[in-house]
Amino acid sequence: MKSIRWRLIIWLVAGLVLLALIAGYALYRAARHEAAELFDYELRTVALSLPVTQEDGTTARTPDPADWGGLAEDRLLIQRWERENVPQYHNEAALSMPRLPPGFHDKEWDETHWRVYGIQLPNRYVQVAQPMTVRDTLAIDMALRIIAPLWMLVPLIILFVLWVVSKGLQPISAISRSVAQRSYESLSPLRFDQPIPSEIASLVNSLNDLLSRLDQAASAQRVFIANAAHELRSPLAALKLQLQHANLHGALGADPAVVAKLEGRLNRLIHLVQQLLDLARADAERVDIENVVDIRTIAEHVVADYSFTAESRGVDLGLVASDGPISVHGDPTGLTMLLANLVDNALRYTPEGGAVDVRVSRDRQAVTLAVIDTGPGIASEELEKVTTRFYRGADAVGQGSGLGLSIASRVAERHGARLVLENRSDRTGLMARVSPLSVADAGID
Numbered sequence: 025m026k027s028i029r030w031r032l033i034i035w036l037v038a039g040l041v042l043l044a045l046i047a048g049y050a051l052y053r054a055a056r057h058e059a060a061e062l063f064d065y066e067l068r069t070v071a072l073s074l075p076v077t078q079e080d081g082t083t084a085r086t087p088d089p090a091d092w093g094g095l096a097e098d099r100l101l102i103q104r105w106e107r108e109n110v111p112q113y114h115n116e117a118a119l120s121m122p123r124l125p126p127g128f129h130d131k132e133w134d135e136t137h138w139r140v141y142g143i144q145l146p147n148r149y150v151q152v153a154q155p156m157t158v159r160d161t162l163a164i165d166m167a168l169r170i171i172a173p174l175w176m177l178v179p180l181i182i183l184f185v186l187w188v189v190s191k192g193l194q195p196i197s198a199i200s201r202s203v204a205q206r207s208y209e210s211l212s213p214l215r216f217d218q219p220i221p222s223e224i225a226s227l228v229n230s231l232n233d234l235l236s237r238l239d240q241a242a243s244a245q246r247v248f249i250a251n252a253a254h255e256l257r258s259p260l261a262a263l264k265l266q267l268q269h270a271n272l273h274g275a276l277g278a279d280p281a282v283v284a285k286l287e288g289r290l291n292r293l294i295h296l297v298q299q300l301l302d303l304a305r306a307d308a309e310r311v312d313i314e315n316v317v318d319i320r321t322i323a324e325h326v327v328a329d330y331s332f333t334a335e336s337r338g339v340d341l342g343l344v345a346s347d348g349p350i351s352v353h354g355d356p357t358g359l360t361m362l363l364a365n366l367v368d369n370a371l372r373y374t375p376e377g378g379a380v381d382v383r384v385s386r387d388r389q390a391v392t393l394a395v396i397d398t399g400p401g402i403a404s405e406e407l408e409k410v411t412t413r414f415y416r417g418a419d420a421v422g423q424g425s426g427l428g429l430s431i432a433s434r435v436a437e438r439h440g441a442r443l444v445l446e447n448r449s450d451r452t453g454l455m456a457r458v459s460p461l462s463v464a465d466a467g468i469d
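Residues 25 to 469, numbered by our numbering, are exactly what the sequence shown covers, in order.
Right, here's the structure in full:
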């Protein structure tokens, strides 16, 4: 059994049932002892109340069974002997039980257990016996009468146990919910409004310590990536310029196709370094998204920056947005990086003669940013995977690092939005939509 809750409930309920059984047995033993004392007293009373033989030879009246404290005569074995051990009287239940010494005795006779009392009186010996089952029946009846109310409370006790266990495990449930609701990239310590019980405080402290160490490792990784990318940018740019200069003056003396291939790989390396630097920026711990920026202006700049690339590839790149500023709360650098990666990704996969549209739409509550292309789209089973870092689809064409969509998704999350990828329904192509971006002037018509 893996559930602590059900383990506690089963053990507590089983313990309560066991205690109730023990209590019932103890009550039965106590009731049996009390019944034994009561019946022993009544046996003695019956023995002393038997009639005696009168001097004229007649027998005195046999007392009514009602005089025996409610004991029915058929539940008693009564015997009397004269001085010379001559049987003088026995009731219908008494047949041939042997005479026992005076006092109380337990006797098994005629396949029945008996409680026997004998007393020596002047001129006679009286012996009275009673089946033990009479005492047991009364003891059980008394015990059941006492324990019955307790058994009636068992359902209420079980409900109380369920409530107590649920209340006791609430801190653990709170920790589980807190961990489950956290982003996989959130490494801040766990914090709770309610005091943490001492039994799980060590667990919370250990989790926070682990999160702190993971945060330090992630920070070190981000710093390393940022530093490495930053250090690589300058030498790679210089290398590209030198390659272009050497090729221009014919210093390479190589096949132009080889030079073009070498330059293409160098461009890919430069692009990868830039994306690594963007990734480090997107993972920055603190981003001020309370600034008011004009998303339309950002979109215009990004479209202008990529217009030459789009023209060289024969792709029509355009912007669709309403006139005038469209203000949102956000980080201008992050939003520029988000849109640039989406446009770059769309241009890479849109064939010559295709189109890429950047659309900015808004309502009173939010702004939606979308990049729509006429490329091959993405297989439906890979739509959720392509935002993973360094993931490239099985049908991906061209050169890429698998970081563009991941960076865009990360920046969107930092702005409280979500990147959604959908294949177009009207034709082939992909629509990358980021929403909702918080409107800075939501109260203005």
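Idealized CB from N, CA, C, for every residue including glycine.
Bear in mind the structure is a predicted one, so any value in this text is a computation, not a measurement.
The C-beta distance from Arg438 to Gly358 rounds to 6 Å, short enough to fall under 8 Å.
In the structure shown, the three-state DSSP call for Val410 is coil. A Cβ-Cβ distance of about 17 Å is found for the pair Val391 and Val367, leaving them out of contact under the 8 Å criterion. Taking a contact to require three or more Cβ pairs closer than 8 Å, the region 179–186 and the region 58–72 do not qualify as touching. Of the residues Leu186, Leu427 and Val384, the one whose Cα lies closest to the Cα of Ser351 is Val384.
The C-beta separation of Thr374 from Gly348 comes to about 29 Å, leaving the pair out of contact by the 8 Å criterion.
Taking a cut-off of 8 Å for Cβ pairs, the region 183–191 and the region 31–47 touch, as three or more such pairs fall below it. A check of alpha carbon separations from Ala328 across Asp318, Ile319 and Leu343 identifies Leu343 as the nearest. Assignment of alpha helix (DSSP H) within the region 93–165, counting only whole runs of 4 or more residues, yields no such run. Of the other Cβ atoms in all chains shown, fewer than 16 fall within 10 Å of the Cβ of Asp340; this residue is therefore exposed. The three-state reading of DSSP puts Glu446 in strand, counting E and B together. Pairwise C-beta distances place the region 188–207 out of contact with the region 161–171, as fewer than three of them are shorter than 8 Å.
Secondary structure of Ile431 (DSSP, three-state): helix. Ala198 and Asn369 have their C-alpha atoms roughly 41 Å apart.
Collapsing the DSSP output to three states places Gly48 in a helix.
For Thr357, the enclosing alpha helix (DSSP H) starts and ends at Pro356 to Tyr373. Around Ala364, the same chain offers Val326 as residues with beta carbons nearer than 6 Å, after the five sequence neighbours per side are excluded.
Taking all protein chains shown into account, Val110 has fewer than 16 neighbouring C-beta atoms within 10 Å of its C-beta and is therefore exposed. Bridge partners of Met455 according to DSSP: Ile396 and Glu446.
In chain order, Ala334, Val339, Asp340, Leu341, Gly342, Val367, Ala370, Leu371, Thr374, Val395, Ile396, Asp397 and Thr398 place their CB closer than 8 Å to the CB of Val380, counting only its own chain and leaving out the 5 sequence neighbours on each side. For Arg123, same chain residues with a beta-carbon under 8 Å away, outside a window of 5 residues either side, are Gln103, Trp105, Asn109, Gly142, Tyr149 and Gln151 in chain order.
Collapsing the DSSP output to three states places Arg169 in a helix.
Taking each of Ala432, Ala44 and Ile34 in turn and checking the Cα distance to Met176, the smallest one comes out for Ala44.
Distance from the Cα of Asp318 is smallest, within the candidate group Ser336, Ala60, Leu407 and Leu393, for Leu393.
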